[in-house]
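Number of protein chains: 2
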Amino acid sequence: MIFSKTFGYALRGILYIALMQDEKRFVQIEEMAQKLGVPRHFLGKIMKRLVKEGMLLSVKGPYGGYTLSDATLQMPLLRLEDLTDGLGTFNNCVLRLRACNATNPCPLHFQMERIKGDLRRVMETTTIADLLHKDKKEFINSIATYEFDGSMLENEN
Amino acid sequence: MIFSKTFGYALRGILYIALMQDEKRFVQIEEMAQKLGVPRHFLGKIMKRLVKEGMLLSVKGPYGGYTLSDATLQMPLLRLEDLTDGLGTFNNCVLRLRACNATNPCPLHFQMERIKGDLRRVMETTTIADLLHKDKKEFINSIATYEFDGSMLENEN
DNA sequence: TGAATAAAAGACATCGTTGTCCTTTATGGT
DNA sequence: ACCATAAAGGACAACGATGTCTTTTATTCA
Ligand code: FES
Ligand code: FES
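Heads up: the sequence lines are chains A and B, in that order. Residues in the first sequence are numbered from 1 upward in steps of one, following UniProt numbering. Residues in the second sequence are numbered from 1 upward in steps of one, following UniProt numbering.
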């Protein structure tokens with residue numbers, strides 16, 4: 001499946017936080033989980049990890065929550081993939097046979113080397129910021145599990 | 001990880017059978033598992049599945065085992081992927097958000113559409129037979145978990 | 001200082017993948 | 001018919017990914 005669920009949740013969480021930065025300083029996990037349609041506590045675990053790894057900042061207590069710096073916006077997706085799924089997709093043999101290299105290639109090595117290289121290039125050259133753009137309501141719908149009318153954006157904050 | 005272990009075992013099993021066809025009519029699971037360095041009973045399950053789906057033929061009893069037809073050699077890898085992992089990699093959104101299409105694309109859709117298209121093309125146009133070639137000993141080493149000296153090829157058959 | 005809020009932390013549950021083991025069925029040789 | 005061989009089938013175990021729940025820690029505000 002290329003990416004794990006964890007990677008998907010992490011990316012969507014980060015994008016949601018990035019999107020909210022002009023409105024509010026910190027975003028709470030509860031709000032993220034609801035808007036994105038993602039399991040709350042599981043998302044919490046993932047966010048905690050990202051904080052520890054320096055990709056997010058968090059503040060406890062009232063008015064606290066998660067936020068991110070410009071540096072994070074400029075990070076390539078590969079960094080996030082590394083923190084969640086690891087880089088096995090690129091470093092390991094697709095058939096999981098010892099080391100992956102041209103010296104002792106598996107039957108799929110050369111075909112997959114191309115694909116893996118292309119994928120890696122995309123993950124290396126695409127930053128979090130690159131995924132943003134567009135208008136806000138449409139963008140939130142594009143990362144939410146279920147659509148919701150944009151009115152929820154203004155409401156209870 | 002792109003492919004499951006199951007897919008890897010299945011492919012290596014099929015290639016091993018294909019490779020042995022000039023020597024012996026049927027290949028036993030025991031031999032396959034040992035030579036490839038793969039869990040025996042798990043491999044059995046996978047082979048059973050491939051037989052049921054028409055990708056392999058099997059015969060029970062003494063001198064029995066698995067074999068495959070020319071038709072199987074001409075099958076694209078995509079068929080095997082379908083029988084093991086399914087085609088979710090190609091049909092689903094990489095973030096697992098509803099349907100994957102350009103109408104309501106996720107933030108990674110267009111980047112991943114290209115990669116997924118390339119991968120699919122490889123899987124569609126590459127057949128089992130395409131992976132064979134080369135000299136036998138070298139090829140077996142390329143699908144075995146651990147190297148073994150070629151003498152094992154001649155020995156106890 | 002006390003109450004409320006929100007993340008951090010850790011224990012535990014569920015589920016799909018991977019792997020093992022035992023019994024049943026089919027086949028060939030005697 | 002009987003025995004040996006080998007796949008088919010099904011029960012179950014181990015494990016990692018995913019998901020839930022409760023307790024602890026940090027922070028804000030009154
Ligand atoms: S050796 Fe298998 S993908 Fe490189
Ligand atoms: S919509 Fe996400 S990959 Fe197509």
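Where is the CB? At the ideal position from N, CA and C, for every residue including glycine. Just so you know, these numbers come straight off a predicted model, no measurement behind them.
Taking the CA atoms as reference points, B/G88 sits about 19 Å from B/I46. In the three-state scheme derived from DSSP, where H, G and I count as helix and E and B as strand, B/A33 is classed as helix. Per DSSP, A/L56 is not a residue of any alpha helix (DSSP H), being assigned neither H nor E. CA-to-CA, the gap between A/K136 and B/M55 works out to about 49 Å. Contact residues of the stretch 126 to 144 of chain B toward chain A are T126, L131, S142 and I143 (C-beta to C-beta distance below 7 Å). If you compare the alpha carbons of A/C106, A/M32 and A/D82 with that of B/K134, the shortest gap goes to A/C106.
In its chain, beyond the 5 residues on either side, Y9, G13, I29, M32 and A33 have a beta carbon closer than 7 Å to the beta carbon of A/L43. Following the DSSP letters along the chain, one finds B/Y66 inside the beta strand (DSSP E) bounded by residues G65 to T67.
Nearest C-alpha to B/C93 among B/H109, B/Y16, B/K35 and B/G86: B/H109. The secondary-structure analysis by DSSP pairs A/T127 across a beta bridge with A/P76.
Neighbourhood of B/C106 in chain A, by CB distance below 8 Å: S142 and I143, in chain order. Listed by position along the chain, the residues with Cβ atoms less than 5 Å from a non-hydrogen atom of ligand 2 are B/C93, B/V94, B/C100, B/P105, B/C106, B/H109 and B/M112. Counted as a single uninterrupted DSSP element, the alpha helix (DSSP H) harbouring B/I17 occupies residues K5 to M20. Nearest in C-alpha terms to A/F90, of all of A/P39, A/M123 and A/Y66, is A/M123.
Taking 8 Å as the cut-off, the beta carbon of B/T145 is found closer than this to the beta carbon of B/V38. For A/T89, the enclosing alpha helix (DSSP H) covers residues G88 to N91. The nearest non-hydrogen atom of ligand 1 is less than 7 Å from the C-beta of A/L97. A/L50: member of the alpha helix (DSSP H) spanning R40 to K52, first to last residue.
At least 8 Å separates the beta-carbon of A/D70 from that of B/I115. Between B/L73 and B/I128, the gap from beta carbon to beta carbon is short of 8 Å.
Within the same chain, and ignoring the five residues on either side of A/T125 in sequence, the residues whose Cβ sits closer than 8 Å to its Cβ are P76.
CA-CA distance, A/S4 to B/D85, rounds to 14 Å. By the rule that beta-carbons nearer than 8 Å mark a contact, B/Q74 does not touch chain A. Neighbours of B/R40 across chain A, judged by C-beta separation under 7 Å, do not exist; the nearest C-beta is about 18 Å away.
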